[in-house]
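J.: I'd like to ask some things about the structure below.
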Amino acid sequence: MKPHRQKRLGIILFIAAGLGVAVGLTLFALRQNINMFYTPTQVAAGEVASGVQFRIGGMVKAGTIQEDQGSLRVSFVTTDYSSDVPVQYEGILPDLFREGQGVVAEGQIDSAGVFHASKVLAKHDENYMSPEVKAALDAAGASPENHSMQPET
Amino acid sequence: MLPELGSFSLILALCLCGMLGTLPVVGAHTGNQLWMNLARPLAAGIFVFLGIGFAILVYAFLTDDFSVSFVAQHSNSLLPMRYKFTAAWGGHEGSFLLWTFMLAGWMFTVGVFSKSMPIDFVARVLGVLGLITFSYILFMLATSNPFDRIVPLPPADGADLNSALQDIGFILHPPTLYMGYVGFSVVFAFAIAALISGRMDAAWARWSRPWANVAWAILTIGIALGSWWAYYELGWGGWWAWDPVENPPLITWLFGTALVHSLAVTEKRGVFKSWTILLAILAFSGSLLGTFITRSGLLTSVHAFASDPDRGFFILGILGIAIGGSLLLYAIRAPLMKADAGFELVSREMFLLANNVILVVAAASVFLGTLFPMVYQAITDDLISIGPPYFNAIFAPLMMLLVVFLGIGPMSRWKRTSPAYLVAQLSRVALASLVLGVVLPLLVLLEFSLAASITLLLALWVIFSIARDMADKTANKKTRVAGLRSLSWSYYGMQLAHLGIAIMLVGVSLTSYFSSERSVLLDIGGTVELGGYRFDLVDSRRIEGPNYFGEQVEMTVSRDGEVFRVLYPERRLYVASGTPSTEMAIDAGFFRDLFVTLGEQRESGAWTMTLYVKPFVRWIWLGALFMAFGACIAAGDKRYRRLRVRETKKAGSPSSEAMPAAS
């Protein structure tokens with residue numbers, strides 16, 4: 080093999096090795112960090128094991144928001160109008176979190192069927208509904224007008 | 009009447025683009041001087057007509073012309089004047105007009121500052137830019153004309169600008185980002201012109217470099233402004249969220265960074281030619297991808313414009329034609345490119361290759377994480393999201409590796425460097441940064457964190473190696489001052505930008521590992537301690553602004569018993585749109601930010617709020633400023649200026665300057 084060919088081969092192998100390592104690491108990281116999205120109906124049916132991090136999306140059921148007066152604990156019920164899942168969260172809810180509006184929460188479910196959210200996303204925009212929530216409502220066969228949302232960041 | 013004139017000037021600009029995209033390019037092919045000479049006047053004409061169009065849109069906003077649908081959706085008679093002005097880019101249609109106008113601005117600038125280049129090359133560059141502009145204006149007229157009217161019954165008042173966008177950060181962030189984004193179209197046009205003409209030599213690289221540098225600098229600032237805006241406006245206390253819409257600018261930036269370095273090799277050594285051209289195509293594709301993601305509504309994000317599918321398909325079409333076409337041209341032409349010189353395994357070329365591989369891999373992994381949920385959904389119908397941990401796990405190690413090479417690269421020589429020389433130069437640098445990286449955080453913050461120490465170590469590694477390199481390069485001159493004077497602008501530019509990386513690293517590591525935050529429920533008169541500061545909630549009151557009302561609380565911040573700052577976080581309700589919004593209160597400092605976001609008031613009268621202490625967070629944006637400034641200085645190097653006067657025939661040979669110019 081001519082020297083310049085050899086060098087070119089060296090460079091190509093170098094790049095290929097780098098890419099291989101990168102792809103391997105990437106896929107590994109990807110596997111660790113995928114959050115699946117479930118609808119309240121799926122969660123209520125027990126499709127998710129407790130202790131698994133996932134996202135749930137639906138509407139905030141009217142009259143279910145309960146604020147603890149002594150702490151930042153909040154609980155509410157998320158619904159796709161066919162099943163309900165109670166959610167607990169400790170922290171400050173987003174500006175646009177409201178009854179009857181869409182919400183996406185990230186967290187885990189416990190053995191009693193209560194969802195413990197580590198993050199709550201809600202953002203409202205007249206023209207826009209989060210694809211996740213829309214899919215959840217469509218799946219449950221309910222898609223109320225005038226209720227749209229967009230998660231924050 | 010005026011909005012119709014706006015549409016009309018867009019149509020005129022479209023026609024001019026059609027001419028610019030064909031006549032000069034054909035002229036360059038057939039050697040028709042007259043047609044080639046049309047390129048500059050046509051570019052100027054497009055700039056003028058798009059400028060008129062944008063001015064008319066701004067005027068419609070300032071005069072509350074709610075018969076224009078876009079104005080009615082994004083403005084309100086109560087909106088303060090400055091936000092009426094900026095609302096012109098507060099939605100899809102207007103921001104796309106601004107985007108296109110900026111491209112025309114770049115095009116016009118290329119026309120003005122290209123006197124030293126051969127006319128056939130200029131004709132091709134402007135022709136390619138004309139075609140890109142053509143597709144943008146066509147898209148605008150076909151799917152999203154900002155001048156569309158609401159007939160026959162215009163609303164009495166507008167729906168108001170999104171409250172998160174009523175802010176100085178928003179005034180600055182989108183125009184800067186667009187400016188940087190479309191700047192890469194110029195570099196792309198240079199690459200395509202090179203492919204068409206077969207002129208892929210060092211002179212070509214030298215013409216491209218200042219444009220690439222400036223576009224990169226502006227994009228850097230644009231991303232930093234976005235990060236800053238998100239930091240204080242969205243109120244989650246973070247400076248980067250790996251949001252699907254934040255990522256495409258970052259992808260473009262990573263390709264752009266690789267391109268800027270690869271261009272250096274092409275200019276100085278005449279190698280990496282086809283790779284450089286590929287990077288120019290990739291950087292441009294990144295900017296198109298950004299457009300597509302933001303404007304197609306495919307991804308859920310704070311940035312996503314309300315959208316309809318037609319737009320998505322149209323942009324996808326542009327994307328396919330532009331990327332597919334340029335890659336096809338590349339595939340046909342790239343084999344013609346020959347390297348002018350060879351290099352050895354340990355050489356500056358090799359270190360810059362490592363830089364490029366790392367940056368491209370980083371860009372690819374961000375790209376994968378951004379688009380994977382979409383692809384996954386298309387295949388399995390399941391919805392997933394990929395969170396920051398994925399990106400952090402991939403991105404942080406890659407950047408660390410990059411920074412290791414960053415310390416070595418500028419010190420190495422072109423063609424061949426002896427490893428012993430590098431070891432001799434850098435062993436003390438490595439030792440010093442290792443010791444200080446471990447000791448400094450212990451001394452200042454009295455805490456130990458392995459990750460923080462590693463990043464700090466890397467930052468010091470960069471700083472010390474810059475100092476060492478400058479000491480070496482000035483050692484042979486009579487005095488230090490004479491030595492410093494002899495260094496070129498592009499050398500200073502490079503070192504400033506690299507210093508910016510170090511500053512940003514310090515900011516990133518200290519903010520990430522030593523920030524503290526606390527969410528509390530506080531009564532009036534209540535007190536919280538955080539990070540050595542004491543926050544007292546003194547009072548709350550109702551406030552009223554021009555287009556909102558709300559509540560404000562007064563908090564005093566004290567340290568060691570002394571009150572040094574009063575903060576006023578607010579919650580606002582914007583009247584016209586009925587949207588609530590939180591206004592953070594920030595006490596900004598060089599070494600730390602104090603940051604309060606107000607939550608809701610409970611029935612008991614107590615307020616919920618989150619307090620943050622963020623050490624060194626400003627350094628992140630300061631670092632970006634250094635990088636951008638460095639790139640601009642490098643673009644102002646005298647060899648580019650001299651070229652404007654010198655005959656271009658001599659420009660064919662590789663640069664004779666001895667000074668390294670990788671920036």
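Protein sequence lines correspond, in order, to chains A and B. The opening residue of the first sequence carries number 80 in my numbering; numbering runs sequentially from there. The opening residue of the second sequence carries number 9 in my numbering; numbering runs sequentially from there. Ideal Cβ placement from N, Cα and C applies to all residues, glycine included. This structure is a prediction, so every number in the text was calculated from the model and none was measured.
(1) Should Q433/B go down as buried or exposed, given a rule of 16 or more other Cβ atoms within 10 Å for buried?
(2) Take L185/B and list the residues in its own chain whose beta-carbon comes closer than 8 Å to its own, dropping the five residues that flank it on each side.
(3) Which full runs of the alpha helix (DSSP H) of 4+ residues lie inside the stretch 228-314 of chain B, going along the chain?
(4) If you draw a straight line from the C-alpha of G332/B to the C-alpha of R84/A, how long is it?
(5) Comparing the C-beta of S83/B with each C-beta of chain A, is any distance below 7 Å?
(6) Comparing the C-beta of S664/B with each C-beta of chain A, is any distance below 7 Å?
(7) Going along the chain, which residues of its own chain have a beta-carbon closer than 7 Å to the beta-carbon of T8/B, five neighbours each way excluded?
(8) Below 8 Å on the Cβ atoms is my guess for V6/B versus A68/B; work out the distance and round it to an integer in Å.
(9) Which of helix, strand or coil does DSSP assign to M115/A?
(10) Quick one: what does DSSP say S152/B is sitting in, helix, strand or coil?
(11) In three-state terms, what does DSSP make of P449/B?
(12) In its own chain, which residues sit with a C-beta less than 6 Å from the C-beta of D531/B, not counting the 5 before and 5 after it?
(13) Report the three-state DSSP secondary structure of F456/B (helix, strand or coil).
(14) Alpha carbon to alpha carbon, how far is A386/B from F375/B? Give it in angstroms, no decimals.
(15) Mind reading off the beta-carbon distance from S295/B to F192/B? Whole number of angstroms is fine, and I expect it under 8 Å.
(16) Quick one: grab the DSSP three-state call for P588/B.
(17) So which residues of chain A does S143/B contact, with C-beta pairs closer than 8 Å?
(18) Give, in chain order, every unbroken run of the beta strand (DSSP E) that is at least 3 residues long and sits entirely within the stretch 573-638 of chain B.
(19) Is V369/B close to chain A, meaning its C-beta is less than 7 Å from at least one C-beta of that chain?
(20) Name the two residues that bound the continuous alpha helix (DSSP H) containing P405/B.
(21) Taking Cβ to Cβ, would you say Y576/B is nearer than 7 Å to A593/B?
(22) Does any C-beta atom of chain A lie closer than 7 Å to the C-beta of T590/B?
(23) In angstroms with no decimal places, state the Cα-to-Cα distance between H203/A and F74/B.
(24) Using beta carbons (cut-off 7 Å, strictly below), is R177/A in contact with chain B?
(25) Between the alpha carbons of D128/B and T38/B, how many angstroms are there, rounded?
(26) Going by the CB atoms, is the gap between L458/B and G445/B shorter than 7 Å?
(27) Answer yes or no: do D595/B and V625/B have a C-beta to C-beta separation smaller than 7 Å?
(28) Measure the C-alpha to C-alpha separation of V153/A and G59/B and round it to an integer number of angstroms.
(29) Beta strand (DSSP E) containing M138/A: first to last residue?
(30) Here's the rule: buried if 16 or more other CB atoms are within 10 angstroms of the residue's CB, otherwise exposed. What is L344/B?
(31) Cutting at 7 Å between CB atoms, please list the residues of its own chain near L450/B, excluding the five before and the five after it.
(32) Compute the Euclidean distance between the alpha carbons of E608/B and A95/B, then round it to the nearest angstrom.
(33) Compute the Euclidean distance between the alpha carbons of M27/B and M635/B, then round it to the nearest angstrom.
(34) Considering only their Cβ atoms, is the gap separating G417/B from A349/B smaller than 7 Å?
(35) Considering S205/B, what are the terminal residues of the beta strand (DSSP E) in which it resides?
(36) For L70/B and G14/B, which I take to be in contact (beta-carbon distance under 8 Å), what is that distance rounded to the nearest angstrom?
T.: According to the data block:
(1) Residue mapping note: residue 433/B aligns to position 425 of the second sequence, counting from 1. That one is buried.
(2) As a working mapping, residue 185/B is identified with position 177 in the second sequence. Spatial neighbours of L185/B in its own chain (CB-CB distance under 8 Å, excluding positions within 5 residues in sequence) are listed in chain order as L227, G230, I231, L233, G234 and P257.
(3) Here the runs fully enclosed are 255-277 and 281-304.
(4) Position 324 of the second sequence, counting from 1, holds the residue named residue 332/B. Position 5 of the first sequence, counting from 1, holds the residue named residue 84/A. Looking at the two C-alpha atoms, the distance is approximately 30 Å.
(5) Indexing the second sequence from 1 puts residue 83/B at position 75. Using a Cβ-Cβ cut-off of 7 Å, S83/B does not count as an interface residue toward chain A, since no Cβ of chain A sits closer than that to its own.
(6) Translated into the one-based positions of the second sequence, residue 664/B becomes position 656. Note that S664/B scores a pLDDT of 39, beneath 50, so its modelled location is shaky; the value from the coordinates is reported in the next line. It does not: the Cβ of S664/B has no partner Cβ on chain A nearer than 7 Å.
(7) No answer is possible for residue 8/B: it lies beyond the span of chain B, which begins at 9 and ends at 671.
(8) The shown model of chain B, from 9 to 671, leaves out residue 6/B, and the question about it has no answer.
(9) Here residue 115/A refers to the residue found at position 36 when the first sequence is read from its first residue. Three-state DSSP puts M115/A in a strand.
(10) For the purposes of this step, residue 152/B is identified with residue 144 of the second sequence, where counting begins at 1. Coil at S152/B, not helix or strand.
(11) The residue you call residue 449/B lines up with position 441 of the second sequence. If DSSP states are grouped into helix, strand and coil, P449/B belongs with the helices.
(12) Taking the second sequence and counting its residues from 1, one reaches residue 531/B at position 523. Contacts found: A614.
(13) Mapped onto the second sequence, residue 456/B falls at position 448. Residue state, collapsed to three classes: coil.
(14) Counting from one through the second sequence, the residue named residue 375/B turns up at place 367. Counting from one through the second sequence, the residue named residue 386/B turns up at place 378. Between F375/B and A386/B, the C-alpha separation is close to 17 Å.
(15) Sequence index remark: in the second sequence, residue 295/B carries index 287 (1-based). Sequence index remark: in the second sequence, residue 192/B carries index 184 (1-based). Sure, about 5 Å apart at Cβ, within 8 Å.
(16) Position 580 of the second sequence holds residue 588/B. P588/B falls in the strand class under three-state DSSP.
(17) The residue you call residue 143/B lines up with position 135 of the second sequence. In chain order: nothing, as chain A lies at least about 26 Å away.
(18) Segments of the beta strand (DSSP E) lying fully in the stretch 573-638 of chain B: 578-582, 588-591, 593-595, 600-609 and 615-623.
(19) Position 361 of the second sequence, counted from the first residue, corresponds to residue 369/B. Yes, contact with chain A.
(20) Within the second sequence, the letter at position 397 stands for residue 405/B. It spans P396 to I416 - the alpha helix (DSSP H) in which P405/B sits, taken as one unbroken run.
(21) Position 568 of the second sequence holds residue 576/B. Position 585 of the second sequence holds residue 593/B. In this structure, A593/B lies closer than 7 Å to Y576/B by Cβ.
(22) The residue you call residue 590/B lines up with position 582 of the second sequence. It does: the Cβ of T590/B has a partner Cβ on chain A nearer than 7 Å.
(23) Locating residue 203/A in the first sequence gives position 124, counting from the first residue. Locating residue 74/B in the second sequence gives position 66, counting from the first residue. Here H203/A scores only 45 on pLDDT, less than 50, and its place in the model is too uncertain to base an answer on.
(24) Position 98 of the first sequence, counted from the start, is the residue given in the question as residue 177/A. Using a CB distance cut-off of 7 Å, R177/A does not count as an interface residue toward chain B.
(25) Taking the second sequence and counting its residues from 1, the one referred to as residue 128/B is at position 120. Taking the second sequence and counting its residues from 1, the one referred to as residue 38/B is at position 30. One C-alpha to the other measures close to 10 Å.
(26) Residue mapping note: residue 445/B aligns to position 437 of the second sequence, counting from 1. Residue mapping note: residue 458/B aligns to position 450 of the second sequence, counting from 1. Their beta carbons are not under 7 Å apart, which means G445/B does not touch L458/B by this criterion.
(27) By 1-based counting over the second sequence, the position of residue 595/B is 587. By 1-based counting over the second sequence, the position of residue 625/B is 617. Not a contact, by the Cβ cut-off of 7 Å.
(28) For the purposes of this step, residue 153/A is identified with residue 74 of the first sequence, where counting begins at 1. For the purposes of this step, residue 59/B is identified with residue 51 of the second sequence, where counting begins at 1. Whole-angstrom Cα-Cα distance: 52 Å.
(29) For the purposes of this step, residue 138/A is identified with residue 59 of the first sequence, where counting begins at 1. M138/A -> beta strand (DSSP E) spans F133 to V139.
(30) On the second sequence, position 336 is the one that residue 344/B refers to. With fewer than 16 Cβ atoms within 10 Å of its Cβ, L344/B is classed as exposed.
(31) Residue 450/B sits at position 442 when you count from the first residue of the second sequence. For L450/B, the CB contacts under 7 Å within the same chain, skipping 5 residues up- and downstream, are F456 in chain order.
(32) Indexing the second sequence from 1 puts residue 608/B at position 600. Indexing the second sequence from 1 puts residue 95/B at position 87. Taking the straight line joining both Cα atoms gives about 29 Å.
(33) The sequence position of residue 27/B within the second sequence is 19, counting from 1. The sequence position of residue 635/B within the second sequence is 627, counting from 1. Near 38 Å, if we compare the C-alpha coordinates of M635/B and M27/B.
(34) Counted from its first residue, the second sequence places residue 349/B at position 341. Counted from its first residue, the second sequence places residue 417/B at position 409. No; because the gap between Cβ atoms is not below 7 Å, this pair is not in contact.
(35) Taking the second sequence and counting its residues from 1, one reaches residue 205/B at position 197. In the DSSP annotation of this structure, S205/B is not part of any beta strand (DSSP E); the continuous alpha helix (DSSP H) holding it starts and ends at I176 to S205.
(36) Here residue 70/B is taken as the residue at index 62 of the second sequence, counted from 1. Here residue 14/B is taken as the residue at index 6 of the second sequence, counted from 1. That pair is no contact at about 14 Å.
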